[in-house]
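Letter 262 of the sequence shown, counting from 1, is numbered 285 in our numbering, and no numbers are missing. Each residue gets a CB set at the ideal place from its N, CA and C atoms; glycine is no exception. None of these values were measured; they are calculated from a predicted model. Below you'll find the structure, written out as structure tokens, and then a few comments.
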Amino acid sequence: MRRPSLRLRLGTPWRRMLAVAIPLTVVGIVASAALPVPYVVVSPGPVFNTLGDYDGRPLIQITGSAEHPTYPTTGALDMTTVSERGGPYGPLTLTEAITAVFDDAAAVVPKELLFPPGESSVQSKERSAADFDGAQSNAVAAALTHLGIPVTDEAFVASVLDDGPAAGVIEPGDVILSVNGVDATGPNSVVDAVQHTAPGTELPMVVRRDGKETPLTVRVGAKPDHPDQGYLGISIKSSFTAPFPIDFTLEGVGGPSAGLMFTLAITDELTPGELTGGRTIAGTGTIDPAGNVGAIGGIGQKMAAAQEAGAELFLAPTSNCDVVRTSTPPGLEVAAVATLEEALAAIADHNAGRPVNACAPAAEGVTAAHAP
Numbered sequence: 024m025r026r027p028s029l030r031l032r033l034g035t036p037w038r039r040m041l042a043v044a045i046p047l048t049v050v051g052i053v054a055s056a057a058l059p060v061p062y063v064v065v066s067p068g069p070v071f072n073t074l075g076d077y078d079g080r081p082l083i084q085i086t087g088s089a090e091h092p093t094y095p096t097t098g099a100l101d102m103t104t105v106s107e108r109g110g111p112y113g114p115l116t117l118t119e120a121i122t123a124v125f126d127d128a129a130a131v132v133p134k135e136l137l138f139p140p141g142e143s144s145v146q147s148k149e150r151s152a153a154d155f156d157g158a159q160s161n162a163v164a165a166a167l168t169h170l171g172i173p174v175t176d177e178a179f180v181a182s183v184l185d186d187g188p189a190a191g192v193i194e195p196g197d198v199i200l201s202v203n204g205v206d207a208t209g210p211n212s213v214v215d216a217v218q219h220t221a222p223g224t225e226l227p228m229v230v231r232r233d234g235k236e237t238p239l240t241v242r243v244g245a246k247p248d249h250p251d252q253g254y255l256g257i258s259i260k261s262s263f264t265a266p267f268p269i270d271f272t273l274e275g276v277g278g279p280s281a282g283l284m285f286t287l288a289i290t291d292e293l294t295p296g297e298l299t300g301g302r303t304i305a306g307t308g309t310i311d312p313a314g315n316v317g318a319i320g321g322i323g324q325k326m327a328a329a330q331e332a333g334a335e336l337f338l339a340p341t342s343n344c345d346v347v348r349t350s351t352p353p354g355l356e357v358a359a360v361a362t363l364e365e366a367l368a369a370i371a372d373h374n375a376g377r378p379v380n381a382c383a384p385a386a387e388g389v390t391a392a393h394a395p
């Protein structure tokens, strides 16, 4: 009888092992690729012309008056956005993250850099919507202040503590019009009135809710760190209104970064002449009521979106220059701006064929940060 060869005697068990191991390895690789990872993919999002229409209505609808008429506009003032995948909006898989690493237009960012720990999708959307509302309000203030038109500072309720004295009485989104019969003249006046009210007092107030004036009464609590002072457990911020209607119709977008472009659009519509000269200008940046432009996230992706939409000039916050220097798409002219006045000057220079104020070269030895 022939003796089995050493090769066969050793090979048969290994074949069996491989027959089991290879499928298990494949399953393991597939399972690992589907596992969620703690990152967010940031990609170029849609752009919106703030001088144009959204869903059949002007994106910014200004009903002027005889004293403050509106004027025709041309061209485009594009606000830019980013799309985010992962974080509170749903799991990001390892495969999706690896794919995004090889996409020049995308960035893969640790989620803790973009979202507070434990934030839910609902909380994230609420925070983003509040920031967007704030950008609109600040844009009204900045534009009208630049044009010498007075604005009214109102006390807007941003949040209400679930276990605070005002819970169930005051609601987020309320605008406080008066406290104890005295007209409110902004957040500071409300804070001062409440703190000077003895804890336990039934305090009458009037708020504007859903467009209607609503009287209510709230029992004042004691401030945790100063028990002798009144406390409601609410956070309030300024909401600026014009002496004529200015309505924003864009939906489904959040965050504060459209402030600059909103401000430019309002300024253009209330000023004779054409700010853009018929050109497509894009940009991004927060705005405060005094017209100061602040840094935003996703600047690289927003520049890519602007170029894809045909922008000739991109307005970037000066405070984002560290990323702009290394992320500007070839052929896109970028102006660095720190104020509304600088943004207006950059557009005028571009339209006249003059050089715009670009980001200064980085100091020697300084490495740019690439957080979106």
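Around the beta carbon of His219, fewer than 16 other beta carbons lie within 10 angstroms, which makes this residue exposed. The beta carbon of Ala162 sits closer than 7 Å to the beta carbons of Gly282, Phe285, Thr286, Ile289, Ile310 from its chain, once the five residues preceding and following it are set aside; these are given in chain order. Ala164 is the residue among Phe179, Ala164, Ala178 whose C-alpha sits nearest the C-alpha of Ile172. At a Cβ-Cβ threshold of 8 Å, Val213 and Glu194 do not count as neighbours.
Phe71 and Tyr77 do touch by the CB rule: their CB atoms are close to 7 Å apart, below 8 Å. Counting only residues of its own chain and dropping the five nearest sequence neighbours on each side, Ser143 has a CB closer than 7 Å to the CB of Pro111. Under the DSSP definition of a beta bridge, Asn72 partners with Asp101. Per DSSP, Lys148 is one residue of the alpha helix (DSSP H) stretching across 144-170. Per DSSP, the beta bridge partners of Asp206 are Ser201. The Cβ neighbour count for Val217, taken over all protein chains shown within 10 Å, is at least 16; the residue is labelled buried.
Residue environment: Asn203 is assigned as exposed (fewer than 16 neighbouring CB atoms within 10 Å of its CB, all protein chains considered). Pro59 carries a strand assignment under DSSP once its states are collapsed to helix, strand and coil.
Nearest to Gly308 by alpha-carbon distance, out of Asp156, Ala361, His169, Gln84, is Ala361.
Here Glu297 carries a coil assignment [DSSP, helix/strand/coil]. Each of Pro352, Leu336, Ala385 was checked against the Cα of Pro378, and the nearest Cα belongs to Leu336.
Look at Tyr112 here: in three-state DSSP terms it is helix. A straight line joining the alpha-carbon of Phe138 with that of Val132 spans about 11 Å. Sixteen is the threshold: when 16 or more other Cβ atoms of the shown chains lie within 10 Å of the Cβ of Ile85, as they do, the residue is buried. Between the beta-carbon of Gly109 and that of Lys134 there is about 6 Å, and that keeps the pair under the 8 Å contact cut.
Taking C-beta separations shorter than 8 Å and ignoring five residues to either side along the sequence, the partners of Ala327 in its chain run Pro67, Ala128, Pro352, following chain order. Of the candidates Val192, Val105, Gly141, Val105 places its Cα closest to the Cα of Gly275. Per DSSP, Thr264 is one residue of the beta strand (DSSP E) stretching across 257-264.
Straight across, the Cα-Cα distance linking Leu136 with Gly98 is about 36 Å. Nearest to Glu236 by alpha-carbon distance, out of Gly314, Pro114, Asp197, is Asp197. For the segment 292-346, the full-length beta strand (DSSP E) segments reaching 3 residues or more read 303-306, 336-340 along the chain.
Taking 8 Å as the cut-off, the Cβ atoms of Thr208 and Pro227 do not count as close. In the three-state reduction of the DSSP assignment, Thr362 falls in the strand class, which pools E and B.
Residue burial is scored here from C-beta neighbours: Thr272 has fewer than 16 other C-beta atoms within 10 angstroms and is therefore classed as exposed. Thr341 and Arg242 have their C-alpha atoms spaced approximately 47 Å apart.
A Cβ-Cβ contact shorter than 8 Å links Gly323 with Ala130. Its chain contains Gly277 as the residues whose beta carbon lies nearer than 6 Å to that of Ala152, once the 5 sequence neighbours on both sides are disregarded; these appear in chain order. CA-CA distance, Pro210 to Glu292, rounds to 29 Å.
Looking from the CA of Ala381, the closest CA among Asn374, Arg348, Gly354, Leu363 belongs to Arg348.
For the 8 Å CB-CB criterion, Leu100 and Thr299 form a contact.
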